[in-house]
Each structure stands twice: as structure tokens, then as C-alpha cells.
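Participant: If you count the sequence shown from 1, position 370 lands on 370 in the working numbering, and the numbers rise without skipping.
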Amino acid sequence: MGVPLVDRFLDEIDPDETVQILRSLVKLDTVNPPGNELRAASYIAGLLRRAGIPVELMEVEPGRPNLYAILGGPGTPKLTFEGHMDVVPVGSEERWSVDPFSAEVVDGRVYGRGSADAKGSLAAMVETLLALKRAGFNPSEPLALLAVMGEETGNMGIRHALKEGFRSGMAVVGEPTGLEVKTAHKGVLGVEVTARGRTAHAAMPWAGVNAIVGMAKLVLKLEEFDRAVLKTRQSRLVGSPSLAVTTIGGGVKRNVVPDRCSITIDRRLIPGETPQTALSEIQDIVDKLLSEEPQLKADIGLLYADPPSEVSENEEVVQFARKAVKIVRGRDPGVSGFEAHCDMGALVNAGIPTVILGPGDLSLAHRADENLSVEELVEAAKVYTALAVLTCG
Ligand SMILES: [Zn+2]
């Protein structure tokens, strides 16, 4: 591709070693809950330490550390590769055609839980550090790897690292983007709404206040709001926000007018929206219902909130990431938005310009027969290596 400074380092990427690292990581069960990320962290720490790279494990919960490694340190890294060590549960095992932890390679693809989300990215990041070390890379500013625990259950690991003072000039979050450069992702707001009425004998429903009927009216108002309002909002990279009623529960027994019904709402936010504004919109809809049904009461509880995030295309990390992909794949990937939620929000909100970039297909994550192309895995290691050299060289 004619970038001699970078090419020398790309040649150090060892495809067999990269696949071996991924297979070893997949075989280490880090299903969260409970996580057990120490298994993956110990393995990665061993590889890096044997190569002479300083590694630190920071315990977040017993048996659940974050791992931090640095090349050319100490000091604040110019660039940090960030990836999560935990994986989501296997689901119904009978839906898998392979053992989810055997890391079988079939037709050029590594199968297993976490192969795409996100142990492929992590393996490529580890290989990048090993290759750079082998090649005698001498960064002018430090390059770091932060492998976190607890991403799949509320971004615990990155939140902990930031609280403990982790900082970086820029960061790359490894998630399955098909090696596209993602500069925005949606935020999430999770709330629970409980409607309260009054019980009565079901033979005399007029004597009670039926919380299920009240909730049914609210559900339809929320659905109308999603269709008539949220669908009209647009963000260039991540499309429209959304609202979905995702669970419902209530009632006492067959012959009792129910005094209680609860729903949970999953609201996805686009850049420009905040969890606070989204919450107050839901509050307004609930208030409207209560004004129409004065006998009913309702309250809203916050379950989860993480804001959306977006970085400017002018940020160095965006420019370098696009250039790195171009060096390896021969074409500029441009920028796009990420459909799912990840650690980018926490990093951007801490003032660290961040992109999401990694091997794998997001639609294969969180499902049976999750798998990752070996070719794309090796390309990812090269992309990360090019990015490290462009940024810290
Ligand atoms: Zn992930």
C-alpha cells in the first residue's frame, strides 16, 4: 500500500498467533453474570508480561479485574485500545451447532460465545501490542490496552477505570463493526412505570379502579408518541430514537379488580437527546393519562441511563482510524453510527475522543453460533497496528 513506515510493523502480525489468542479467550468462560473475567485477564497478562510489556490488574469485584497494559509508558497514553472481557450468556444450548466454548474453526471462521462480541477485537488488540513489541516499536507517546470487566451489564469496568483516574488522549473501543469506523451511538434510558388503582370484587368492577386498564391506555399513548414524535427525529449517523414497552406485569387474581400494574420501557436516544429530557417526556405522557383518569395514580422509577454520544469527524482519532483502515483494506471506510450500546459513551463523556472499530458482524453477536471470520480478525490486528503507529509513532 506504500506506507513503508507502517508496513514494517504490519508484517509482524502473526495470523496463527492471533487466531490462537482468540480461541484461548473464547475457551475461557467469562459469561456475565457472574463474569469471572480474571480468567481472561490472567491469560492476557501472561502473554504480555512474557513479551516484556508491563501489565496491571485492578480488581473491581472479587475475581473480576480490569487489565491495563502500556507500551512506552509511564504517563497518560496518547491512544488506548479498549475492549471487554465479559460475554453474554449462551442462551438455549440446543440452538448451537457447536460447543459455545470449544472455539472450533470451521470454514475460516472461529465459532463460540464472544468470538465477535468482543473477544475478536480484544485478541486483535493483544496481538497488536505483541507485534509492536517484537518489532521494537518505540512510541513517542504511550500506547495502552484497557481490557475491562462488566461491559455487558451496565459498563461497570470502564466506569470504574474512569473513576480511578484512567485518562487517554483518545480511545478505540473494540466491538463488532465489520471494521467500519463508528463515531456515534445511541444512548439508553430504562424506566419502570407503575399504575396504582383500587381493588374490588370482580363482580362489582365499578367499585374499584382497574390498574391494568389504566396501564393499557398508557401503553397506547406511549406507542403513539413513538410513532408520531420520535420517528420524526433524525440523526445523520444513528437514525431515529425509539421507545418500546418491553415488559408488563400486574393483577391479583382472576376475580379481583387489579390495583397494580407495572411496565418497563426501553427508550433509545440519539445525539441531541438526554436521559433527562427523555424522562420528562415520559412523565408528561403519564401526567396526561392521570389528568384523564383522576382516580388512578402512577409513579416512574429510573432503571438505567446512559447518554448517547458522538465525536466530530475532525477528531484525530477519527482521521487516524479511517487512514488505518484504508492502509489495510485499500479504501476509506468513511464514518457511520453504531446500532448497539457500548463503552464509547462513558469514554466520550469523560472527555476522551473515541471511535468504535473492530472485527465481526454485530448481527451475529448475542445469538447462537456466534462466529468471526479469521481473515477479518487478522485484518483488525493490522488496522490496530497501523493506527498505533500513525498515532503514537
Ligand atoms: Zn460488546
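Where a beta carbon is used, it is the ideal one built from N, C-alpha and C, also for glycine. Just so it is clear, the structure is predicted and the values come from calculations on it, not from any experiment.
Is it the case that the Cβ atoms of Leu-48 and Gly-120 are separated by a distance below 8 Å?
Facilitator: Against a cut-off of 8 Å, the Cβ pair of Gly-120 and Leu-48 comes out as no contact.
Participant: What number of angstroms, rounded off, separates the C-alpha of Thr-246 from the C-alpha of Ile-265?
Facilitator: Roughly 6 Å between the two C-alpha positions.
Participant: Looking only at C-alpha atoms, which of Gly-150, Val-355 and Thr-128 sits nearest to Ala-144?
Facilitator: It is Thr-128.
Participant: Note down, in chain order, each residue of its chain lying with its Cβ closer than 6 Å to the Cβ of Met-1, except the 5 sequence neighbours on either side.
Facilitator: Only weak support exists for where Met-1 lies, its pLDDT of 44 falling under 50; the value from the coordinates is given anyway. The residues are Ile-327.
Participant: Can you tell me the Cα-Cα spacing of Gly-345 and Ser-42, whole angstroms?
Facilitator: Computed Cα separation, rounded: 27 Å.
Participant: Less than 7 Å separating the Cβ of Ala-381 from some heavy atom of ligand 1?
Facilitator: Ala-381: no, Cβ never under 7 Å from ligand 1.
Participant: What I want to know is whether the C-beta of Asp-99 ends up closer than 7 Å to one or more non-hydrogen atoms of ligand 1.
Facilitator: Asp-99: no, Cβ never under 7 Å from ligand 1.
Participant: If I follow the unbroken beta strand (DSSP E) through Asp-14, where does it start and stop?
Facilitator: Element bounds for Asp-14: n/a, residue is neither H nor E.
Participant: Name the two residues that bound the continuous alpha helix (DSSP H) containing Leu-372.
Facilitator: Unbroken run through Leu-372 is the beta strand (DSSP E), 371-373; no alpha helix (DSSP H).
Participant: Cβ-heavy atom distance between Ala-40 and ligand 1 below 7 Å?
Facilitator: It does not: the Cβ of Ala-40 is nowhere closer than 7 Å to a heavy atom of ligand 1.
Participant: Counting only the same chain and skipping the five closest in sequence on each side, list residues whose C-beta sits under 7 Å from that of Arg-233.
Facilitator: Cβ within range, chain order: Ser-240, Pro-241 and Ile-270.
Participant: Between the alpha carbons of Glu-104 and Val-110, how many angstroms are there, rounded?
Facilitator: One C-alpha to the other measures close to 6 Å.
Participant: At the level of alpha carbons, what is the spacing between Leu-162 and Lys-253?
Facilitator: For Leu-162 and Lys-253, the distance between alpha carbons rounds to 48 Å.
Participant: DSSP three-state call for Pro-258: helix, strand or coil?
Facilitator: Residue state, collapsed to three classes: coil.
Participant: Please report the straight-line C-alpha distance between Ser-312 and Arg-196, rounded to a whole angstrom.
Facilitator: The straight-line gap from Cα to Cα measures roughly 46 Å.
Participant: Around the Cβ of Leu-243, are there at least 16 other Cβ atoms within 10 angstroms (buried) or fewer (exposed)?
Facilitator: Leu-243 is buried by the Cβ-count criterion.
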